[in-house]
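Step one of this worksheet: look at the structure below.
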Amino acid sequence: MDLENAKILIGDDSILARKQLKDCIAALGGSNFIEAANGQEAIDKYKSEQPDIVFLDIVMPIKDGIVATQEIHDLNPKACIIMVSSVGTIQQLKAAIEAGAKDFVQKPFSGDQVAAVLDAHLGGN
Amino acid sequence: MYTQFFGNYLLEKGILTTSQLTDALTEQSKVHIKLGTLAIHAGYMTAGEVDSVVVLQTHQDKKFGELAIEEGYLTEEQVQDLLDSQTPDYLLLGQVLIEQGILTNTQLENLLIEYQSENEIYDLDLSNFQKKKFDEMVSQICEFSDSVQEERLVEYLQLFVNNLIRFIGNDFTLLNPIPCNEYPSVYGVAQTVYGSFELQSLLDTNETTAIEFASRYANESFSDFDEYVKAALEDFLNLHNGLFNVNMSNEYSLELMLTPPEAHINEVIGYDAPHYILPIIYPFGTLNFVFAIS
């Protein structure tokens, strides 16, 4: 799938972090964004919008990113979920992958890292 | 790279007031280091010799280096050596203070000697120097029964300073931490690190300072105290604590988690266990970092 046609869900409680990721993906050609400010909202938006790729922060109020990943994965085991977090500890990485995350981006991220992740998960499909 | 501590040292000695320091820090970003200041620091020239070359410069249209060579104070090799050397930031602070008439060359010379010998600066290894300063700071303020806990706090503060340098800028000075049982917040964001041990953190400042802080953090120019500015404070704290967790996990296999950041606006926060306030003075304003480990 092309990035320009992809529907992208960004779940992060920080409006600034959402903007930074959005700006970064927009610079690479993405334009169809949906935002969520906590884990529950991300699950709800996933259900209603059926995005092609999901970026989720880990530390979020109401439901954290790991729980949200698990629930989205339960809804659709093929869901493409990328964790984006400053808390890239071994245990968190393990928990994210077990919950169904396909990749992990450590904050602060660079444009190249985001491009590589998009390429790996959207490219060629 | 020791501006943060040299400024603190000058305040401690009563040589500067906080506002003089803030002015000098603002100025520091606009000026370049002078050869004379470097020559004093390297021990190639005395303050008296530098002063006499500066006087000569008022009569002759020549560079400092040329005159110093003519007068026999420096060799050509020494001038080249100074031009090639890496400038420690605190020297720039010293130079600004001279230009503002707060210090003379002689006073700076003496202060540098005292500062370097008291702190045993023999090389420019920042991480060792920082660690030593924080070891001192933490052992002065906190009484720990547990030395491991003390070590963790030192690492936490070291990382905090490195993150300020990395994400905001190195033109700040730290004041000595102050113990407190309650803290009146202006606009504060709080986050708890929990798991193998617990750390409380709060970053607090006023709206104007927050706008500048956020602009530097996000590399954008914010002009209003809006949602983005508030989010930048939270993001910086979250990033700092997240990176600390990663370090603890990688180095000691300690697993820690974070609570979502929480805002505390104009409220008095009471603490059961003693907390410490670490004031951070940037040219654009002061932030307080309130922390405790348990």
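Note that the protein sequences, when read in sequence, are chains A and B. Counting in this note's numbering, the first sequence runs without a single skipped number right up to 124 at its last residue. Counting in this note's numbering, the second sequence runs without a single skipped number right up to 379 at its last residue. Note that beta-carbon positions come from the ideal geometry of N, C-alpha and C, so glycine has one too. Note that the structure is predicted; figures quoted are calculated from it, not measured.
Taking the beta carbon of residue 331/B as reference, the chain A residues within 8 Å of it are 85, 86, 87, 88 and 105, listed in sequence order.
Here DSSP, grouped into helix, strand and coil, assigns residue 263/B to strand. 330/B is the residue among 196/B, 120/B and 330/B whose C-alpha sits nearest the C-alpha of residue 240/B. At a cut-off of 7 Å between C-beta atoms, residue 170/B does not count as an interface residue with respect to chain A. Rounded to the nearest whole angstrom, the C-alpha separation of residue 249/B and residue 255/B is 7 Å. With its beta carbon at least 7 Å from every one in chain A, residue 297/B lies outside the interface. Residue burial annotation: residue 94/B is buried, with at least 16 other C-beta atoms found within 10 angstroms of its C-beta. Residue-level contact by beta carbon holds for residue 345/B and chain A, with a gap shorter than 7 Å. Annotation: residue 324/B to residue 332/B spans about 12 Å, alpha carbon to alpha carbon. Residue environment analysis places residue 110/A among the exposed positions, since fewer than 16 neighbouring C-beta atoms fall within 10 angstroms of its C-beta.
Where residue 179/B is concerned, the enclosing alpha helix (DSSP H) starts and stops at 174-184.
Less than 7 Å separates the beta-carbon of residue 149/B from that of residue 121/B. With a contact defined as Cβ atoms closer than 8 Å, residue 182/B and residue 299/B miss out at about 30 Å.
Boundaries around residue 347/B are those of the beta strand (DSSP E), 347-350, since no alpha helix (DSSP H) includes it.
Taking each of 54/A, 74/A and 79/A in turn and checking the Cα distance to residue 35/A, the smallest one comes out for 54/A. Contact check between the stretch 129-140 of chain B and the stretch 148-166 of chain B: three or more CB pairs, one atom from each, fall below 8 Å, which counts as touching.
Annotation: the continuous beta strand (DSSP E) that includes residue 6/A extends over 6-10.
Proximity of residue 26/A to chain B, defined by a Cβ-Cβ separation below 7 Å, is not satisfied. The contact set of residue 317/B on chain A, defined by CB atoms closer than 7 Å, consists of 15 in chain order.
Around the beta carbon of residue 168/B, a 10 Å sphere encloses fewer than 16 other beta carbons of the protein chains shown; the residue is thus reported as exposed. Secondary structure in the stretch 72-107 of chain A: the alpha helix (DSSP H) runs of 4 residues or longer, each lying completely within the stretch, are 89-98 in chain order. When DSSP states are grouped into helix, strand and coil, residue 369/B belongs to the coil group. Taking 7 Å as the threshold, the shortest C-beta distance from residue 53/A to chain B does not fall below it.
The beta-bridge partner set that DSSP reports for residue 280/B consists of 341/B. Residues of chain A with a Cβ closer than 8 Å to the Cβ of residue 323/B are, in chain order, 13, 58 and 85.
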